[in-house]
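Q:
In my numbering, the protein residues as written are 25 to 751.
1) Is there contact between the region 641-661 and the region 688-696, where contact requires at least three CB pairs shorter than 8 Å?
2) Considering Cα atoms alone, identify which of 177, 179, 91, 187 is closest to residue 156.
3) On the premise that residue 728 lies in contact with residue 751, defined as a C-beta separation below 8 Å, what is that separation, rounded to the nearest angstrom?
4) What runs of the beta strand (DSSP E), each 3 residues or longer, lie entirely inside the region 73-122?
5) Which residues mark the beginning and the end of the beta strand (DSSP E) in which residue 138 is found?
6) Taking residue 598 as the reference, which of 744, 623, 627 has the closest Cα?
7) Use the C-beta contact count for residue 196: other C-beta atoms within 10 angstroms, 16 or more gives buried, fewer gives exposed.
8) Output the distance between the C-alpha atoms of residue 713 and residue 705, rounded to the nearest integer angstrom.
9) Contact between the region 547-555 and the region 577-597 is defined here as three or more beta-carbon pairs at a separation below 8 Å; is this criterion met?
10) Pull up the DSSP beta-bridge partners for residue 705, would you.
11) Just verifying my parser: in three-state terms, what is the DSSP assignment at residue 582?
12) Candidates 570, 243, 668, 656: which alpha carbon is nearest residue 689's?
13) Between the alpha carbons of residue 445 and residue 716, how many angstroms are there, rounded?
14) Compute the distance between the beta-carbons of residue 132 and residue 60, then report whether it is under 8 Å.
15) How would you call residue 823, buried or exposed, if buried means at least 16 neighbouring beta carbons within 10 angstroms?
16) With a threshold of 8 Å, are at least 3 pairs of Cβ atoms found where one atom belongs to the region 151-170 and the other to the region 222-237?
17) Are the beta-carbon atoms of residue 241 and residue 185 separated by less than 8 Å?
18) Between residue 176 and residue 199, which are expected to be in contact by the criterion C-beta below 8 Å, what is the C-beta distance as a whole number of angstroms?
19) Leaving aside the five residues before and after residue 584 along the sequence, list all residues of the same chain whose C-beta is less than 7 Å from its C-beta, in chain order.
20) Between the C-alpha atoms of residue 282 and residue 305, what's the straight-line distance to the nearest angstrom?
21) For a quick check, are the C-beta atoms of residue 279 and residue 250 less than 8 Å apart?
22) What does the alpha-carbon distance come out to for the pair residue 745 and residue 480?
23) To the nearest angstrom, how far is it from the Cα of residue 229 to the Cα of residue 259?
24) Looking at the strands, I want to know which residues DSSP matches up with residue 622.
25) Quick one, are the C-beta atoms of residue 255 and residue 192 less than 8 Å apart?
26) Just to confirm my understanding: we take residue 570, look at its own chain, exclude 5 residues before and 5 after, and list those with CB closer than 6 Å. What are they?
27) From residue 152 to residue 718, what distance separates their C-alpha atoms?
28) What do you get for residue 452, buried or exposed, if any count of 16 or more other CB atoms within 10 angstroms of its CB means buried?
29) By the 10 Å Cβ neighbour count, where 16 or more other Cβ atoms means buried, how is residue 523 classified, buried or exposed?
30) State the Cα-Cα distance for the pair residue 91 and residue 62, rounded to the nearest angstrom.
31) Short of 6 Å in beta carbon distance, which residues of its chain neighbour residue 643, apart from the five on each side in sequence? Order them along the chain.
32) Where DSSP assigns a beta bridge to residue 659, which residues make up the other side?
33) Give the C-beta separation of residue 95 and residue 129 to the nearest angstrom, bearing in mind that I take them to be a contact with Cβ-Cβ under 8 Å.
34) By the three-class DSSP mapping on this structure, what secondary structure does residue 270 have?
35) Residue 493 by DSSP, collapsed to three states: which one?
36) Ignore the nearest five residues each way along the sequence and tell me which others in residue 497's own chain have a CB closer than 6 Å to its CB.
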């Protein structure tokens with residue numbers, strides 16, 4: 025149970041097992057002491073928009089202060105978007121959210137202060153305490169339905185309902201983070217160039233860029249309840265494309281859920297938004313439940329399953345659901361008294377057993393008439409589900425396309441006619457352990473004596489390539505969360521190593537002492553040196569690239585595109601062109617984003633040369649071939665390539681082979697690709713035939729060649745690094 029100034033954050037009578045999961049962390053030396061008129065006392069958490077602190081008012085009351093990242097504030101229209109979040113939270117108010125106390129969208133830094141609601145997020149509670157059992161699960165459903173009703177009654181759609189945005193307070197769940205909420209009449213609800221939300225908790229219409237109304241939040245409510253009840257989100261796939269396929273496909277089996285909650289979940293997952301229940305209908309379903317709050321009734325709390333049967337916590341991955349129950353249709357049934365009572369009936373009774381009937385709680389004569397989304401006025405027909413917008417078209421595109429003008433989709437035969445295919449993949453020459461999270465960078469020093477690796481908890485380690493022993497741990501700070509790849513890079517002469525997180529640090533490779541810091545107090549997603557080492561490029565999550573003179577250690581230029589998340593950077597071998605790859609698979613996607621894209625920049629003038637691809641979910645690991653004739657990138661699970669003479673796309677690899685990373689061999693004769701199934705493949709760049717396959721069990725997040733081309737390194741999602749000999 026967290027304490028502040030020696031006092032418990034909640035009375036004993038409200039304690040439940042999940043209460044012990046809520047915690048605060050001490051301030052770091054780099055944290056401000058005050059924001060506005062509030063004294064900061066602890067860290068509460070960190071997200072894409074900024075850091076959240078526990079603070080006190082002059083009278084001693086506790087508030088939560090969210091301080092926005094400087095990189096975001098510098099964007100021209102960000103303050104307008106942030107002011108909209110403040111307004112949305114104020115419009116809902118009450119006990120359904122954390123009420124806004126104060127805010128300064130125009131401040132430096134920009135910030136918002138809300139009432140401090142002690143308690144864990146739903147994600148923390150389930151992760152640490154296990155799934156939530158009835159009746160606490162019913163109380164959670166009631167509290168969330170009440171909260172969504174308040175949101176919708178005030179003309180808003182939240183659009184990012186997820187376990188991390190729900191605080192389990194002593195008097196019930198509170199819905200927070202209105203950063204992407206929109207008015208119902210907002211034009212942004214139907215923009216074709218924007219996707220909002222957290223993918224596994226999105227509705228199908230959010231992924232399709234269709235009209236996003238209140239029914240979208242109800243779909244997300246079903247997913248939140250499934251996660252709360254089982255500890256798992258059945259829409260999670262091992263890639264973004266797999267997740268999208270599940271979202272737009274038949275509703276999955278929610279898992280081991282009690283019948284009452286199961287029917288509500290399946291109702292929320294109805295593919296037709298008009299047939300999903302409204303918050304009022306969900307409230308009617310659980311009307312007999314004492315809904316004083318998930319933590320507000322003594323003795324009602326989280327009852328976790330035994331550890332050996334508990335489901336995995338929320339995260340990517342998970343097996344493809346095998347059972348696909350029919351989506352229920354929300355209809356009206358006539359009880360004996362004649363009062364309409366809502367029920368769920370299976371949509372396909374001929375092939376599936378009928379679902380049990382759920383009746384509204386309370387006397388039939390006094391039951392209000394719940395309604396479905398079909399009763400709401402709409403501003404136009406819902407787009408047919410077959411009319412996929414660019415996200416779905418790109419994410420689920422079949423790779424083996426026919427030959428089109430200037431674009432060749434390569435095909436290979438089966439395993440039997442693939443010459444030289446080994447009977448079994450070779451064993452790795454070495455396996456490195458020590459990282460505790462996904463290894464998102466593997467980079468050899470130019471002389472080949474050192475391998476630098478980093479993980480997503482920002483541990484940077486150095487390895488001797490003769491013995492494969494760890495020699496140095498440069499950074500081991502689990503409070504940092506890096507995004508993008510690579511986050512480490514050697515300069516071409518090997519004298520310095522750059523590491524990126526909330527700044528860029530340069531390290532002397534002889535002494536491994538830090539020599540300087542660039543881009544301080546930024547969120548750096550990727551770094552790259554030019555081929556002559558005189559320029560360092562850094563990127564951030566809102567579309568900016570900064571160029572630095574590595575001798576003077578000064579910023580020389582800023583390249584600004586739309587506020588898209590930049591995943592990777594690559595200089596052409598002659599240094600004249602910089603390529604950037606962007607993605608939309610993030611928790612916060614901006615309204616004027618045009619999706620994943622590859623942009624080309626003139627490094628002399630800072631001008632944008634061209635956009636050679638866009639409207640893809642993501643472009644990861646953008647790289648030039650050593651001779652500069654090709655540009656390659658991972659895209660929706662495969663590899664796409666462009667001829668740099670014409671910038672025409674001319675090659676696409678034949679199947680799903682690349683999730684996050686690829687690399688050319690130093691001589692350009694081979695391309696290595698890493699996939700989500702743990703496979704590293706080597707491709708002949710003349711014939712584009714598969715030359716070798718190396719397999720491990722966990723997703724490949726990074727690949728790289730040694731300078732002599734004789735070794736391939738692969739970083740995996742379980743924190744291991746495998747080394748294979750080639751040639």
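A virtual CB, placed ideally from N, CA and C, is assigned to each residue, including glycine. What you are looking at is a predicted structure, and each value in this text was computed from that prediction instead of being measured.
A: In this structure, then:
1) yes
2) Against the chain shown, residue 156 aligns to sequence position 132. Of the listed residues, the one whose Cα sits closest to residue 156 is 187.
3) Residue numbering aside, residue 751 sits at position 727 when the chain shown is read from its first letter. Residue numbering aside, residue 728 sits at position 704 when the chain shown is read from its first letter. Actually they are not in contact, since the Cβ atoms of residue 751 and residue 728 sit about 15 Å apart, beyond 8 Å.
4) 74-80, 86-92
5) On the chain shown, residue 138 is found 114 positions in, with the first residue counted as 1. Run containing residue 138: 135-139, per the beta strand (DSSP E) assignment.
6) Translated into the one-based positions of the chain shown, residue 598 becomes position 574. For residue 598, the nearest C-alpha among the options comes from 627.
7) Working through the chain shown from its first residue, we reach residue 196 at position 172. Buried, because 16 or more other Cβ atoms sit within 10 Å of the Cβ of residue 196.
8) Residue 713 sits at position 689 when you count from the first residue of the chain shown. Residue 705 sits at position 681 when you count from the first residue of the chain shown. Approximately 10 Å, taken between the alpha carbons.
9) yes
10) Here residue 705 corresponds to residue number 681 of the chain shown, with the count starting at 1. In the DSSP output, where bridge partners are listed per residue, residue 705 has 697, 717.
11) Along the chain shown, one-based indexing puts residue 582 at 558. In this structure, residue 582 counts as strand in the three-state DSSP scheme.
12) The residue labelled residue 689 in the question sits at position 665 within the chain shown. It is 656 whose Cα lies nearest to the Cα of residue 689.
13) For the purposes of this step, residue 445 is identified with residue 421 of the chain shown, where counting begins at 1. For the purposes of this step, residue 716 is identified with residue 692 of the chain shown, where counting begins at 1. At residue 445 the pLDDT is 40, less than 50, meaning the model places this residue with poor confidence; the figure from the coordinates comes in the next sentence. Spanning the two alpha carbons is a distance of roughly 7 Å.
14) Residue mapping note: residue 132 aligns to position 108 of the chain shown, counting from 1. Residue mapping note: residue 60 aligns to position 36 of the chain shown, counting from 1. It is not a contact, given that the beta carbons lie outside the stated cut-off.
15) The displayed coordinates of the chain run from 25 to 751. Any statement about residue 823 would go beyond what the structure contains.
16) no
17) On the chain shown, residue 241 is found 217 positions in, with the first residue counted as 1. On the chain shown, residue 185 is found 161 positions in, with the first residue counted as 1. The answer is yes: Cβ separation under 8 Å.
18) Position 152 of the chain shown, counted from the start, is the residue given in the question as residue 176. Position 175 of the chain shown, counted from the start, is the residue given in the question as residue 199. Contact flag wrong, Cβ pair sits at about 12 Å.
19) As a first step, residue 584 must be located in the chain shown, where it is residue number 560. Cβ neighbours of residue 584 beyond the five flanking positions: 567, 568.
20) For the purposes of this step, residue 282 is taken as residue 258 along the chain shown, with counting starting at 1. For the purposes of this step, residue 305 is taken as residue 281 along the chain shown, with counting starting at 1. So the two alpha carbons sit approximately 18 Å from each other.
21) Mapped onto the chain shown, residue 279 falls at position 255. Mapped onto the chain shown, residue 250 falls at position 226. Closer than 8 Å, so yes.
22) Here residue 745 refers to the residue found at position 721 of the chain shown. Here residue 480 refers to the residue found at position 456 of the chain shown. Spanning the two alpha carbons is a distance of roughly 14 Å.
23) Here residue 229 refers to the residue found at position 205 of the chain shown. Here residue 259 refers to the residue found at position 235 of the chain shown. Straight-line Cα distance between these residues: approximately 15 Å.
24) Mapped onto the chain shown, residue 622 falls at position 598. Partner(s): 605, 637.
25) Residue numbering aside, residue 255 sits at position 231 when the chain shown is read from its first letter. Residue numbering aside, residue 192 sits at position 168 when the chain shown is read from its first letter. Cβ atoms of residue 255 and residue 192: not closer than 8 Å.
26) The residue given as residue 570 occupies position 546 in the chain shown. Excluding sequence neighbours, residue 570 sits near 562, 579, 582.
27) In the chain shown, counting from the first residue as 1, residue 152 sits at position 128. In the chain shown, counting from the first residue as 1, residue 718 sits at position 694. So the alpha carbons of these two residues sit roughly 36 Å apart.
28) In the chain shown, the residue the question calls residue 452 occupies position 428. So residue 452 counts as buried.
29) Locating residue 523 in the chain shown gives position 499, counting from the first residue. By the 10 Å Cβ count, residue 523 comes out buried.
30) Stepping through the chain shown from its first residue, residue 91 is reached at position 67. Stepping through the chain shown from its first residue, residue 62 is reached at position 38. Distance between the alpha carbons of residue 91 and residue 62: 12 Å.
31) The residue you call residue 643 lines up with position 619 of the chain shown. Counting only Cβ-Cβ distances below 6 Å, and skipping sequence neighbours, we find 605, 620, 622, 657, 659.
32) Position 635 of the chain shown holds residue 659. The partner list for residue 659 (beta bridge, DSSP) reads 643, 662.
33) Counting from one through the chain shown, the residue named residue 95 turns up at place 71. Counting from one through the chain shown, the residue named residue 129 turns up at place 105. About 16 Å separates the two Cβ atoms, so there is no contact after all.
34) On the chain shown, position 246 is the one that residue 270 refers to. Helix at residue 270.
35) Here residue 493 is taken as the residue at index 469 of the chain shown, counted from 1. In this structure, residue 493 counts as coil in the three-state DSSP scheme.
36) Along the chain shown, read from residue 1 onward, the residue named residue 497 stands at position 473. So the qualifying residues of the chain are 485.
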